[in-house]
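Data first, discussion second: the structure below is written as structure tokens.
2 protein chains.
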Amino acid sequence: MNISIIGSGNVATHLGKAIHRAGFNILDVYSRDLINAKALASELQARAVDAISALGAADLYIIAVKDEAIVSIAKQLNAGDGIVVHTSGTIGLDALNTCSNNPGVFYPLQTFSKNKQIDMYAVPICLEASNASTMKILIRVGKAISKNVQELNSQQRMHLHIAAVIACNFSNHLYVLAAELLEKEGMLFELLKPLILETANKIQSISPVDAQTGPASREDKVIIEKHLEALKSNPQIAELYRLLSASIAERRMLD
Amino acid sequence: MNISIIGSGNVATHLGKAIHRAGFNILDVYSRDLINAKALASELQARAVDAISALGAADLYIIAVKDEAIVSIAKQLNAGDGIVVHTSGTIGLDALNTCSNNPGVFYPLQTFSKNKQIDMYAVPICLEASNASTMKILIRVGKAISKNVQELNSQQRMHLHIAAVIACNFSNHLYVLAAELLEKEGMLFELLKPLILETANKIQSISPVDAQTGPASREDKVIIEKHLEALKSNPQIAELYRLLSASIAERRMLD
Numbered sequence: 011m012n013i014s015i016i017g018s019g020n021v022a023t024h025l026g027k028a029i030h031r032a033g034f035n036i037l038d039v040y041s042r043d044l045i046n047a048k049a050l051a052s053e054l055q056a057r058a059v060d061a062i063s064a065l066g067a068a069d070l071y072i073i074a075v076k077d078e079a080i081v082s083i084a085k086q087l088n089a090g091d092g093i094v095v096h097t098s099g100t101i102g103l104d105a106l107n108t109c110s111n112n113p114g115v116f117y118p119l120q121t122f123s124k125n126k127q128i129d130m131y132a133v134p135i136c137l138e139a140s141n142a143s144t145m146k147i148l149i150r151v152g153k154a155i156s157k158n159v160q161e162l163n164s165q166q167r168m169h170l171h172i173a174a175v176i177a178c179n180f181s182n183h184l185y186v187l188a189a190e191l192l193e194k195e196g197m198l199f200e201l202l203k204p205l206i207l208e209t210a211n212k213i214q215s216i217s218p219v220d221a222q223t224g225p226a227s228r229e230d231k232v233i234i235e236k237h238l239e240a241l242k243s244n245p246q247i248a249e250l251y252r253l254l255s256a257s258i259a260e261r262r263m264l265d
Numbered sequence: 011m012n013i014s015i016i017g018s019g020n021v022a023t024h025l026g027k028a029i030h031r032a033g034f035n036i037l038d039v040y041s042r043d044l045i046n047a048k049a050l051a052s053e054l055q056a057r058a059v060d061a062i063s064a065l066g067a068a069d070l071y072i073i074a075v076k077d078e079a080i081v082s083i084a085k086q087l088n089a090g091d092g093i094v095v096h097t098s099g100t101i102g103l104d105a106l107n108t109c110s111n112n113p114g115v116f117y118p119l120q121t122f123s124k125n126k127q128i129d130m131y132a133v134p135i136c137l138e139a140s141n142a143s144t145m146k147i148l149i150r151v152g153k154a155i156s157k158n159v160q161e162l163n164s165q166q167r168m169h170l171h172i173a174a175v176i177a178c179n180f181s182n183h184l185y186v187l188a189a190e191l192l193e194k195e196g197m198l199f200e201l202l203k204p205l206i207l208e209t210a211n212k213i214q215s216i217s218p219v220d221a222q223t224g225p226a227s228r229e230d231k232v233i234i235e236k237h238l239e240a241l242k243s244n245p246q247i248a249e250l251y252r253l254l255s256a257s258i259a260e261r262r263m264l265d
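These protein sequence lines map, in sequence, to chains A and B. 11 is the number of the first residue of the first sequence in our numbering; add one for each residue after it. 11 is the number of the first residue of the second sequence in our numbering; add one for each residue after it.
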């Protein structure tokens, strides 16, 4: 099976390397920027191209580019019966209808950074396909690089993306707000790092409901009022504090 | 130096063991429940007592009990010139004025669970004392068990606690909300665990501001609207989604 990678960013790089390592043959690597295409292609023993029309005939094309570029690439690509997948959590399967009779989604649920190693084998791969034979091939590729391969429909994938935004993007924003508060009071964010790591570690082995601690979960109104008073000069953070505390308290009452 | 531990819960256990391991002599372990006192005391080669009045004369008493019990214990204890510290992030130094001429705070910033090992050496110890000679002794004990010992005043400690509530208790609540969403759509929370861990891992080496990703940070209004539409049946989560996205977007504009 010949696989071509469209894109040369973080997702393309991490996926391409994992698939290459698993023993699949990478045919082409496309990037608008030939230098980037060449850099990744050389690691994958593949050919570098900087035009969609220059891509050879592959069995599977993986479009791993920014969401907003997927449609424009799909318009240029003509894969016929070749499978075309994108790697986005938010774009529907139908975005690929124009370029392939066998569209699919190959969505790795992880945040990839350029110079940071990721244990790809632990990254869940979420699959969707328009037909069973396509799904079979995607499962084969998925299982070769990850221990956690899931079939999800578009509706589920969207909700998974929302859940990821809430649990990860928003958590990171809470780290940002905490860092701001500490800095204002002459303390370093450094102080919180072990606690943040342990908070994420804890829910690897116990459920987040059981892991919940803090003033709101023990209904400590005295402390909550003290904190809101201290956040007076920070009305936006105070509002978030109030809402999140109320949301915790509400779930506690449902127990 | 003789040290006595008042309490037998998670904080008392983790701290007591670390201090014992560092070579200090533990004199007494107090718990209302003699069985609990004995269990911890036997690990610390100490004497178990179940009455504050039965405590021997120690150089340092560490009150590691729930916040609401600190004042009542402080009323019963008469340490004279012996140092008395509590381990709370939220209680002031003055709560100990009645029981010692040398009150202090010895606050380990971590979430402790009974059966979970913690690398105490990585846990920041936040210290406060009413005088320099007390502080000197607390620093000595702190540095023997942790590589990160900080002197903080009560105002700073309160803000540190607020920051910890925001970064950790609230993050955990976001995990709870994400788990609810996934369950509703027939998916397992399992799926998010690697992403949550990587989110906490990332900010160990890069700043949370630089680590911020997601629809709000790239001002992807189309996705945000789609998500809010999908959250319609969940107005409380939708409201949090809106507020947190606005807070992210605002900080982005300040860049």
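Each residue gets a CB set at the ideal place from its N, CA and C atoms; glycine is no exception. Predicted model, so just to flag it, every value in this text is computed and none were measured.
N-terminal and C-terminal residue of the alpha helix (DSSP H) that residue i is part of
i: S181(A); result: 180-194
i: S143(A); result: 142-155
i: Q166(A); result: 164-174
i: R31(B); result: 20-31
i: N88(A); result: Run containing N88(A): none; DSSP gives neither H nor E here.
i: D220(B); result: 218-221
i: N244(A); result: Run containing N244(A): none; DSSP gives neither H nor E here.
i: L119(B); result: Segment: none, L119(B) is in no alpha helix (DSSP H) and carries neither H nor E.
i: A49(B); result: 44-53
i: N211(A); result: 203-215
Residues bridged to residue i [DSSP beta-bridge criterion]
i: G114(B); result: V95(B), A139(B)
i: A58(A); result: V39(A)
i: Y71(A); result: S14(A), V94(A)
Element boundaries [beta strand (DSSP E), containing residue i]
i: I15(A); result: 12-16
i: Q160(A); result: 159-161
Minimum C-alpha distance to residue i - residue among the options
i: I158(A); options: R150(A), Q165(A), E239(A); result: Reading off the sequence, residue 158(A) comes out as Asn, not Ile. Of R150(A), Q165(A), E239(A), the residue nearest in Cα terms is R150(A).
i: I155(B); options: L207(B), N111(B), P118(B), L54(B); result: P118(B)
i: I258(A); options: Y71(A), E249(A), S227(A), F180(A); result: S227(A)
i: S63(B); options: A49(B), Q55(B), E53(B), K85(B); result: K85(B)
i: P113(B); options: N125(B), A132(B), M145(B); result: M145(B)
i: I213(A); options: I213(B), S217(B), L207(B), S215(B); result: L207(B)
i: A105(B); options: S164(B), V59(B), N125(B); result: S164(B)
i: C178(A); options: A221(B), I15(B), H169(B), A51(B); result: A221(B)
i: L103(A); options: N125(A), D77(A), F122(A), K126(A); result: D77(A)
i: L201(A); options: L201(B), Q166(B), K126(B), T209(B); result: Q166(B)
i: T209(A); options: L198(A), M197(A), T223(A); result: T223(A)
i: M130(A); options: H171(A), T23(A), S82(A), S41(A); result: T23(A)
i: A68(B); options: I93(B), S82(B), E53(B); result: I93(B)
i: C136(A); options: A142(A), L148(A), K126(A), N125(A); result: L148(A)
i: I101(B); options: V115(B), C109(B), G90(B); result: V115(B)
i: K124(B); options: A58(B), V219(B), L50(B), R261(B); result: L50(B)
i: G17(B); options: L191(B), V95(B), R31(B), S217(B); result: V95(B)
i: P245(A); options: I216(A), V219(A), L187(A); result: L187(A)
i: E260(A); options: P225(B), E260(B), F199(B), H183(B); result: H183(B)
i: S52(B); options: K27(B), L70(B), V21(B); result: K27(B)
Residue i, buried or exposed, once every other Cβ within 10 Å from all chains shown has been counted against 16
i: V175(A); result: buried
i: E193(A); result: exposed
i: E239(A); result: exposed
i: P134(A); result: buried
i: D38(A); result: buried
i: Q55(B); result: exposed
i: G99(B); result: buried
i: Q120(B); result: buried
i: A173(A); result: buried
i: S181(B); result: buried
i: G33(A); result: exposed
i: I45(B); result: exposed
i: K203(B); result: buried
i: Y185(A); result: buried
i: A235(B); result: As written in the sequence, residue 235(B) is Glu, which differs from the Ala given in the question. Exposed, because fewer than 16 other Cβ atoms sit within 10 Å of the Cβ of E235(B).
i: S243(A); result: exposed
i: Q127(A); result: exposed
i: V232(B); result: exposed
i: A58(A); result: buried
i: G196(B); result: exposed
i: A47(A); result: buried
Proximal residues of chain D, C-beta to C-beta of residue i below 9 Å
i: Y251(A); result: Reference to chain D is not applicable here, since the protein chains of this structure are A and B.
Supposed contact pair residue j and residue i - C-beta distance, whole angstroms, cut 8 Å
i: G19(B); j: A74(B); result: 7 Å
i: L65(B); j: L253(A); result: Actually they do not touch by this definition, with Cβ atoms about 44 Å apart.
i: A189(A); j: P218(B); result: 6 Å
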